[in-house]
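Visitor: First the structure, then my questions, so here it is.
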């Protein structure tokens with residue numbers, strides 16, 4: 001199967017700071033990548049769709065000025081959580097699809113203190 | 114609005130005790146139904162894609178089936194290493210960007 005990586009795997013930051021999470025497709029090119037958030041004991045919630053060379057599409061209720069997405073190349077998308085607060089603490093997962101199936105990265109655990 | 118409901122929420126089995134997980138869905142036009150396995154603290158691992166009613170797919174001890182209203186994930190003679198949360202997701206033809214709608218998952222525990 002296709003391989004998607006994320007970096008970092010976990011990060012702790014102080015309230016008010018910004019954090020950048022990288023998502024890479026290692027063995028295929030992805031014009032579209034997806035960013036999800038998952039709270040404990042809950043399922044995945046789509047935050048936004050990242051499109052190479054154009055603006056991301058955000059789901060209803062997701063603040064685009066807080067969660068900045070940049071899809072700089074066909075193998076890299078980044079999610080920046082700006083002015084992070086404790087309520088932003090969560091498990092962030094990206095995915096990409098070489099064909100119709102979406103393959104997920106290993107996730108990034110963000111803790112905001 | 115697309116909806117996915119998985120049952121049961123949690124399932125405990127003894128090693129070797131076969132069972133099935135259910136995924137009921139409502140979608141305007143099904144493009145694909147996906148099964149994933151998720152271990153704690155990790156991203157979902159792709160298992161199967163089903164496209165049309167009557168389709169079946171198998172992988173080791175897992176078999177996924179699809180009808181017009183639901184999908185089943187059958188686990189035959191499970192082992193402790195099959196313990197995980199199993200997620201079902203649907204993709205609709207009318208949905209832009211190939212987005213997936215996920216169910217809440219079934220947490221499976223297989224005891225030795």
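Residue numbers (the working numbering), protein chains in the order written: chain A, 1 to 113; chain B, 114 to 225. The beta carbon of each residue, even a glycine, is placed where N, CA and C say it ideally should be. The model shown is predicted, which means the values in this text are computed figures rather than measured ones.
#1: I'd like to know whether the C-beta of residue 93 of chain A is nearer than 8 Å to at least one C-beta of chain B.
#2: Please name the residue, chosen from B:217, B:184, B:131, B:170, that lies closest to residue 143 of chain B on a Cα-to-Cα basis.
#3: Strictly below 7 Å CB to CB, what residues from chain B border residue 100 of chain A?
#4: So with Cβ pairs under 8 Å, would you call residue 28 of chain A a contact of chain B?
#5: Counting only the same chain and skipping the five closest in sequence on each side, list residues whose C-beta sits under 7 Å from that of residue 107 of chain A.
#6: How is residue 128 of chain B classed by DSSP in three states: helix, strand or coil?
#7: Just by C-beta distance, which residues in the segment 58 to 80 of chain A are closer than 9 Å to chain B?
#8: Could you pull the start and end residues of the beta strand (DSSP E) that residue 185 of chain B belongs to?
#9: Check the Cβ of residue 24 of chain A against every Cβ in chain B and list those closer than 7 Å, keeping chain order.
#10: To the nearest whole angstrom, what separates the beta carbons of residue 202 of chain B and residue 213 of chain B, a pair I think is in contact under 8 Å?
#11: Once DSSP output is grouped into helix, strand and coil, what is the label at residue 50 of chain A?
#12: Measuring CB to CB, does residue 34 of chain A end up less than 8 Å from residue 26 of chain A?
#13: May I ask you to list, following chain order, the residues of the segment 192 to 217 of chain B that have a beta carbon less than 7 Å from some beta carbon of chain A?
#14: Is the shortest distance between the beta-carbon of residue 43 of chain A and the beta-carbons of chain B less than 8 Å?
#15: Should residue 12 of chain A go down as buried or exposed, given a rule of 16 or more other Cβ atoms within 10 Å for buried?
#16: List the residues of chain B whose Cβ lies closer than 8 Å to the Cβ of residue 111 of chain A, in chain order.
#17: My guess is that residue 68 of chain A and residue 57 of chain A are in contact by the Cβ rule of under 8 Å, so how many angstroms apart are they, rounded?
Guide: On the basis of the data shown:
#1: Position 93 of the first chain, counted from the start, is the residue given in the question as residue 93 of chain A. It does; some Cβ of chain B falls within 8 Å.
#2: Numbered from 1 along the second chain, position 30 holds the residue referred to as residue 143 of chain B. Looking at the Cα atoms, B:184 is the closest of the given residues.
#3: Numbered from its first residue, the first chain carries residue 100 of chain A at position 100. What residue 100 of chain A touches in chain B: 145, 162.
#4: Here residue 28 of chain A refers to the residue found at position 28 when the first chain is read from its first residue. It does not: the Cβ of residue 28 of chain A has no partner Cβ on chain B nearer than 8 Å.
#5: The residue you call residue 107 of chain A lines up with position 107 of the first chain. Taken in chain order, the residues that qualify are 6, 91, 92, 93.
#6: Here residue 128 of chain B refers to the residue found at position 15 of the second chain. Residue 128 of chain B: coil per DSSP, three-state reduction.
#7: 59
#8: Residue numbering aside, residue 185 of chain B sits at position 72 when the second chain is read from its first letter. Its beta strand (DSSP E) spans residues 183 to 188.
#9: For the purposes of this step, residue 24 of chain A is identified with residue 24 of the first chain, where counting begins at 1. Chain B residues near residue 24 of chain A: none, gap ~13 Å exceeds 7 Å.
#10: Looking up residue 202 of chain B in the second chain gives position 89. Looking up residue 213 of chain B in the second chain gives position 100. Indeed they touch by this definition, with Cβ atoms about 4 Å apart.
#11: Residue mapping note: residue 50 of chain A aligns to position 50 of the first chain, counting from 1. It is a strand residue.
#12: As a working mapping, residue 34 of chain A is identified with position 34 in the first chain. As a working mapping, residue 26 of chain A is identified with position 26 in the first chain. No; because the gap between Cβ atoms is not below 8 Å, this pair is not in contact.
#13: 200, 210, 211, 212, 213, 215, 216, 217
#14: Counting from one through the first chain, the residue named residue 43 of chain A turns up at place 43. Closer than 8 Å to some Cβ of chain B, the Cβ of residue 43 of chain A qualifies, so yes.
#15: Counting from 1 along the first chain, the entry for residue 12 of chain A is found at position 12. So residue 12 of chain A ends up on the exposed side.
#16: For the purposes of this step, residue 111 of chain A is taken as residue 111 along the first chain, with counting starting at 1. Neighbours of residue 111 of chain A on chain B: none; closest Cβ ~13 Å, over 8 Å.
#17: Position 68 of the first chain, counted from the first residue, corresponds to residue 68 of chain A. Position 57 of the first chain, counted from the first residue, corresponds to residue 57 of chain A. Actually they do not touch by this definition, with Cβ atoms about 14 Å apart.
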